[in-house]
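Undergrad: Protein chains in written order, with the UniProt record's numbering: chain A, 1 to 275; chain B, 1 to 302. My structure is below; once you've seen it, I'll send some questions.
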Amino acid sequence: MSCLEVRNLVKDFKIRSGLRSSTLRAVNDVSFTLEPGRTIALVGESGSGKSTVAKMISQLETPTSGEILLDDAPVGRRGRALTDYRHQVQMVFQDPFASLNPYHTVAHHLERPLQLHGVASGAELEPAVHGLLERVNLTPAETYAAKRPHEMSGGQRQRVAIARALAPGARFLVADEPVSMLDVSIRLGVLNLLARLQREENLGVLYITHDLATARHFSDEILVMYRGDVVERGPSDDVILDPQHDYTKTLLAAAPEPSRHGRLREEVRAELAGA
Amino acid sequence: MTATATGPLSSAAHDAYTAGLAPVLTARDVSIEYEVDPPVQAVKDVSLTLHRGEILGLAGESGCGKTTLAYGLDRLLKPPAILRSGEVTFHDASGVDIDVVGLRGDALRAFRWDKVSMVFQGAMNSLNPVISVRKQLGDVLTTHRPQMGRKERDARSAELLELVGVDPARLDSFAHELSGGMRQRVMIAMALALGPQVMIMDEPTTALDVVVQRGILREIMRLRERFDFAVVFITHDLPLLLEISDRIAVMREGEIVEIDTAESIYSRAQHPYTRQLLASFPSLTGDRGSFVRTGAEQEGAS
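Written out as structure tokens, the structure is:
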């Protein structure tokens, strides 16, 4: 069975302050298996280590210890093996304003990975680019292919970033806060797109976010990270509706809940009256 | 404020709610333009009344003009932004009405921060990195309360930090030595320093983690109970506004499209855009909404 597995992943960072140096364990013993057609959400606050996990999976950081396996074989770290890995595992970054090159057109952004990964060349390029744009709902494709990043909205740029990740024929996507920089009214559109790709193209998605609500609605399984540790994991509804770990409970209690309007004020009033 | 053909939508409940309240800040037909080429009308004929002691949420997405409007209310606009037309009146607790638009020079300086203070977007970058917290809080007091001696200033600064839940020992810290949440608390202390009647908060918690965010919100609510200032709370986070505000104004493209009590916005939103915004936030614990993984309708490439 094809899958992307991480086993006992650990990442230490050296912190130097003056002459002293110490170690910070950013990720401590994280294991999970991402299967095609499934979405795993990695949730946690800043500094919890979730992005470090993403970077290790996309091989932008080297794990201190632990293994990353693709289809049960340890993944290659350089040369040909690394390129092969990148055919299959791609990343969508948080900031579509920074992750696209302002000098280049959308077509260029998509042609490069198609060429580099040997998916298409020459005359095949244009139809391949258009095909990608259509897969991410940027139609008419000819119009979008000619645009530069500044001519598009944040949501459209993020769609281009997703198309670029799909270009090499990736089977797994690591999406690190893919919608947190976008306006609220277009976030669901981008998430729905990821959900459709995951469903229709059998993509495995690692969705990294601090937003518990979308984590619940868009993933099958949730892993809650706190200071490098996975403190709770399970099917999405179980984790959100019936949290076991104290930290998960704290996180859930802190999330805004529109139906509780006025509640916070009453709580504060009661508190002040009691004090 | 009733719903007219051109004005924002609102309900009878909203009128009933505002009926007995005393206004503290009134804006009438405010238009703000960015004098660029071509000119951008960032705020179009907005009228808004803020009542004494209330929390008014100003919701909208980036570029809708919510920050520009807030800056206009406090006369903080910088060129190329210019307040083209409209009136802003501050109804002082002493009974005097102040024409904010007409203020100049010293009168303007005395008004700002003293009557209306502001907590800026991105507290992370709003504190001066090269001077201590003591000096920054002291700065506000030296400018606005020149009669205060140094001892008095220090005592007041320490008191302010205590009010916002920061250890007064932090007076000698610099911004980089504080966590994000603490920096935001210091910003709030600064906004509190002169006992303002209105506090404008522009995305005060957006950059913070949810748990820290919750702590800050609590602090704001607590302080508001004690000092009874009115708050204009600007954010794109509608669920958060629904939880803390008395009333919510929804802005789009420079106009307020709907203004109503939080309760009405939550259960009976009238404007399609308000409904769209509400639908953009899946409920954490509610049923799995129809938008989930069905997609087609909301997946459009906007």
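Note that the Cβ used here is the ideal one computed from N, Cα and C, for glycine as well. Since the model is a prediction, treat every value here as computed from it, not as a measurement.
Determine which residues share a DSSP beta bridge with residue 322/B and list them.
TA: Lying before the first or after the last residue shown, residue 322/B is absent from chain B, which here runs from 1 to 302.
Undergrad: By the DSSP assignment, the alpha helix (DSSP H) with D237/B in it spans what residues?
TA: No alpha helix (DSSP H) holds D237/B; DSSP gives it neither H nor E.
Undergrad: Give the DSSP-derived three-state secondary structure of M251/B in the structure shown.
TA: strand
Undergrad: Would DSSP call A195/A helix, strand or coil?
TA: Secondary structure of A195/A (DSSP, three-state): helix.
Undergrad: Of all the options N137/A, K249/A, Y103/A, which has the alpha carbon lying nearest to the alpha carbon of G44/A?
TA: K249/A
Undergrad: Whole angstroms are fine: how far does the CA of D209/B sit from the CA of residue 296/A?
TA: The question about residue 296/A has no answer here: the residues shown for chain A are numbered 1 through 275.
Undergrad: Do D237/B and A262/B have their C-beta atoms closer together than 8 angstroms?
TA: no
Undergrad: Extract the residue ranges of the beta strand (DSSP E) inside the segment 198-262 of chain A, only unbroken runs of 3 or more that lie entirely within it.
TA: 204-209, 221-226, 229-235
Undergrad: Taking the straight line between their C-alpha atoms, what separation do you get for P256/A and T83/A?
TA: 43 angstroms
Undergrad: Answer with yes or no whether the minimum CB distance from F233/B to chain E is below 8 angstroms.
TA: Of the protein chains in this structure, namely A and B, none is chain E.
Undergrad: Is there a Cβ of chain B sitting closer than 8 angstroms to that of residue 282/A, yes or no?
TA: Residue 282/A is absent from the model: chain A starts at 1 and stops at 275.
Undergrad: Would you mind sorting residue 284/A into buried or exposed? The rule is 16 or more other CB atoms within 10 Å of its CB.
TA: What the structure shows of chain A is the stretch from 1 to 275, and residue 284/A is not part of that stretch, so it cannot be assessed.
Undergrad: Strictly below 8 angstroms CB to CB, what residues from chain B border D183/A?
TA: E61, S62, H236
Undergrad: When the cut-off is 8 angstroms and only beta carbons count, does A213/A lie next to chain B?
TA: It does; some Cβ of chain B falls within 8 angstroms.
Undergrad: Within 10 angstroms of the Cβ of D74/B, are there 16 or more other Cβ atoms? Answer buried if so, exposed if not.
TA: buried
Undergrad: Under 8 angstroms between C-beta atoms, does Q270/B make it to chain A?
TA: no
Undergrad: Run down chain A in chain order and give the residues with a C-beta less than 8 angstroms from the C-beta of D209/B.
TA: E45, S46, H210
Undergrad: Please give me, in chain order, every unbroken run of the beta strand (DSSP E) with length at least 3 that falls completely inside the segment 61-108 of chain A.
TA: 65-70, 89-92
Undergrad: Please report the straight-line C-alpha distance between V10/A and F32/A, rounded to a whole angstrom.
TA: 13 angstroms
Undergrad: Check each candidate in M148/B, Q136/B, D167/B and name the one with the smallest Cα separation from A175/B.
TA: Q136/B
Undergrad: Quick one, are the C-beta atoms of L56/B and A249/B less than 8 angstroms apart?
TA: yes
Undergrad: Distance check for V119/A and D237/A, CA to CA, integer angstroms please.
TA: 39 angstroms
Undergrad: Roughly how many angstroms separate the alpha carbons of G262/A and A170/A, rounded to a whole number?
TA: 47 angstroms
Undergrad: Please work out which residues of its chain come closer than 8 angstroms, Cβ to Cβ, to T4/B, disregarding the five sequence neighbours upstream and downstream, and give them in chain order.
TA: No answer about T4/B holds up, because its pLDDT of 45 lies below 50 and its placement is not dependable.
Undergrad: Quick check on T143/A: buried or exposed, where buried means 16 or more other Cβ atoms within 10 Å of its Cβ?
TA: Exposed, since its Cβ has fewer than 16 Cβ neighbours within 10 Å.
Undergrad: Using 8 angstroms as the limit for Cβ to Cβ distance, is residue 358/B near chain A?
TA: No statement about residue 358/B is possible, as the shown extent of chain B runs from 1 to 302 and does not include it.
Undergrad: Which same chain residues, not among the five before or five after K44/B, have their C-beta less than 7 angstroms away from its C-beta?
TA: So the list reads S31, G254, E255, once near-sequence residues are dropped.
Undergrad: Check whether chain A comes within 8 angstroms of L77/B, counting only Cβ atoms and requiring the distance to be less than that.
TA: No, because no Cβ of chain A sits closer than 8 angstroms to the Cβ of L77/B.
Undergrad: Shorter than 8 angstroms from the beta carbon of M221/B to some beta carbon of chain A?
TA: yes
Undergrad: Are the C-beta of I240/A and some C-beta of chain B separated by less than 8 angstroms?
TA: yes
Undergrad: What does a CB cutoff of less than 8 angstroms around L77/B pick up in its chain, not counting 5 residues either side in sequence?
TA: I32, T68, Y71, L83
Undergrad: For a contact defined as C-beta to C-beta under 9 angstroms, what are the partners of A262/B on chain A?
TA: Contact annotation for A262/B against chain A: P258, H261, G262 [CB-CB distance below 9 angstroms, chain order].
Undergrad: Where does L194/B sit, in a helix, a strand or coil, going by DSSP?
TA: DSSP, reduced to helix, strand and coil, places L194/B outside both helices and strands of the structure shown, so it counts as coil.
Undergrad: Measure the C-alpha to C-alpha separation of A296/B and V190/A and round it to an integer number of angstroms.
TA: Legend: pLDDT at A296/B = 38, less than 50; position of this residue unreliable, no value from coordinates given.
Undergrad: If you draw a straight line from the C-alpha of I265/B to the C-alpha of G155/A, how long is it?
TA: 26 angstroms
Undergrad: Could you check what DSSP says for C3/A in three-state terms: helix, strand or coil?
TA: coil
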